[in-house]
Amino acid sequence: MGLKIYTYSDPYEINRESYWNEIKDCAHFCVSQTMVNGLEDVYPSLKEGGYLTTIRILINTLYSDWEDENRRVKQIMEVDNAINSLPLDEDETGNARRSLEYNTKSLVKCIRMFKELGLSANSFDNSRLNTDQKYLIDIYKHTCSREKTSFEFHRASQTDVIDEKILEALKNKHKDYSYDKLDRSTVVIHGIHQFTPAMLCAIEDISRFKNVILLFNYQKQYEAIYQTWTNIYRSEEHTSELQSQFRISYAVFCLK
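Take 4 as the starting number for the sequence shown in our numbering and just add one per residue.
As structure tokens, then:
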């Protein structure tokens, strides 16, 4: 389907915007529970319809296996095994392996991020990395080479699954709602100015089958604040631009 960006100047008068009828009966996912609470107070129809919840609940539902605590424990164990199996160059005090073991959770977090970004283990230029970063890439390659790895990230790729997961996310908070009047063709995402890789994956996967509307407050008098958004969305191909920009920025961030 596609990706659209709508803005509003007054959060108390979104229902006066020309696109209100387009979004009022859709599933709405907010950047925080605080925003959910505020919108429910201002727009009773969204609360009465059970249309509002957080983007975190959507991600946890859409990728429930990936976000499962048991999976995270297995990932810690897998990284520990990788550290023990790799031929590391010990420093003079013999602390290289110990340091990696101490930072296992951080290593897991980085590898999860690489997987969410879809980065190949062979795509890194090791000549520009320091020793610790090279160890991270070695561990990443080790996990990618395993036939059965706990770091297998399955994207949502079927429209019926996405429909089911969106409804499940809404019912996480609104269990007794029928959702007979829910507009299932469009999903609205509120207030996200900084994307995590998982958010990006969710937007990409849903937008293949539905219209995704990114909705956020825009104050023209503070135009400089929104310059990053202006640069990213200047292209007509919003989705591909979003994908490339954030994959690059997160890969750089992880290896600093």
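Every residue gets a Cβ at the ideal spot worked out from N, C-alpha and C, and that includes glycine. Just so it is clear, the structure is predicted and the values come from calculations on it, not from any experiment.
- Within a 10 Å sphere around the beta-carbon of residue 51 sit fewer than 16 other beta-carbons, which makes this residue exposed.
- In the DSSP annotation of this structure, residue 192 is not part of any alpha helix (DSSP H); the continuous beta strand (DSSP E) holding it starts and ends at 186–193.
- Remark: C-beta atoms of residue 32 and residue 193 approach each other more closely than 8 Å.
- With a cutoff of 8 Å on beta-carbon distance, residue 157 and residue 68 are scored as near each other.
- Note that the C-beta distance between residue 150 and residue 204 is not below 8 Å.
- Look at residue 40 here: in three-state DSSP terms it is helix.
- As computed with DSSP, residue 196 is found in no beta bridge at all.
- At a Cβ-Cβ threshold of 8 Å, residue 191 and residue 62 do not count as neighbours.
- Contact between residue 36 and residue 57 holds, since their C-beta atoms are separated by about 6 Å, short of 8 Å.
- Put simply, the backbone Cα of residue 179 is about 10 Å away from that of residue 173.
- Residue 32 is bridged by DSSP to 56, 192.
- Nearest in C-alpha terms to residue 114, of all of 220, 70, 82, 38, is 82.
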